[in-house]
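Trainee: What follows is a single structure, and I will ask about it in a moment.
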Amino acid sequence: MMRVSPRRFISPSFLILAKRNCSLESSFLRLCCISNVPPSPSNYFLLRTYSNESKKDESIVRVERTDSSEVSTTVHKVKEATKTVSYMGIIVFGVGLTGVIFYAIFKELFSSNSPNSIYTKALKRCETDTKVTNAIGDGIKGYGEETRRGRRQHVSHIFFERDGVEHLRMKFYIEGCRKKATVNLEMKKNASGNFEYRYLFVQLNDYPHDVIILEDNRFPKGVPNVPSPSLEFDLSKY
């Protein structure tokens, strides 16, 4: 007589119920009753084998999901860290650029060696000098070069070195209630690193173009300061 394999008695519903139940010993009899399967040892063995395989499959799926979740979380953290570093870099760059701008403005407006400060002091010197006010009148105002449209630009100046010493040469214009004049000056840095006058003079624009000397330190002390008038204020020679 042919022997029938125990697998023949296991129905699909029995396998589904087996997958859903974790405690085989406590539920085996109830599952056998529901599925009309004989409660034989072979059926119990098959049920236990199938349950173990199902648990392995579920554990593999859980591991795969966990790995995928960890990878996704890591990628998200890397993106967030990159964004944070980028934002911090932009902020640091902006703060540095702002500092450079404020330093340049401070140096231009408030430093005693800045062209703007030198121009302000020279103009004040002209406004308070009686020889200048007698020549061009009171209410003196200063300005830079004029364009063809009559606009007054910044005061022209140039930095240069002579014998390893930094010099500054400047030219601007003043106007009183009676006449106009041109102011020329040159300064050089002393041992303390501050600019001091090499010369400062005011030349009237009207004929005969009289010159008012406010500072003249081009010649060493003890040397007669008697150059010819034609060479005295020739800027190309000094």
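Residue numbers for the sequence shown follow numbering that gives the first Met the number 0, beginning at 0 and rising by one. Glycine is no exception: its CB is placed at the ideal position from the N, C-alpha and C atoms.
What residues match up with residue 183 in a beta bridge as DSSP calls it?
Mentor: In DSSP, residue 183 forms a bridge with 170 and 200.
Trainee: Answer with buried or exposed for residue 163, where buried requires no fewer than 16 other C-beta atoms within 10 angstroms of its C-beta.
Mentor: Residue 163 should be labelled exposed.
Trainee: Taking one C-beta from the stretch 163-183 and one from the stretch 85-96 each time, how about it: are there three or more such pairs within less than 8 Å?
Mentor: Cβ pair count under 8 Å is below three, so no.
Trainee: Helix or strand or just coil, what does DSSP make of residue 140?
Mentor: Strand at residue 140.
Trainee: Strictly by DSSP, which residues pair up with residue 156?
Mentor: Residue 156 pairs with 169.
Trainee: In the structure shown, what three-state DSSP assignment does residue 124 receive?
Mentor: Note: residue 124 maps to helix in three-state DSSP.
Trainee: Just how far apart, CA to CA, sit residue 138 and residue 126?
Mentor: Distance between the alpha carbons of residue 138 and residue 126 is about 8 Å.
Trainee: Just how far apart, CA to CA, sit residue 113 and residue 180?
Mentor: One C-alpha to the other measures close to 23 Å.
Trainee: Check residue 178 in the structure and name its three-state DSSP category.
Mentor: Residue 178: coil per DSSP, three-state reduction.
Trainee: How many whole angstroms separate the CB atoms of residue 182 and residue 201, which I take to be in contact at a CB cut-off of 8 Å?
Mentor: Right, the Cβ-Cβ distance comes to about 5 Å (below 8 Å), so this counts as a contact.
Trainee: If you follow the alpha helix (DSSP H) that residue 134 is in, where does it begin and where does it stop?
Mentor: Segment 129-135, the alpha helix (DSSP H) holding residue 134.
Trainee: Just verifying my parser: in three-state terms, what is the DSSP assignment at residue 218?
Mentor: In this structure, residue 218 counts as coil in the three-state DSSP scheme.
Trainee: Roughly how many angstroms lie between the CA atoms of residue 228 and residue 141, to the nearest whole one?
Mentor: Low per-residue confidence applies at residue 228: pLDDT is 42, beneath 50, and the placement is therefore not dependable enough to give any value.
Trainee: Check whether the Cβ of residue 192 lies closer than 8 Å to any Cβ atom in chain B.
Mentor: Note that chain B does not occur in the displayed structure, where there is just one protein chain.
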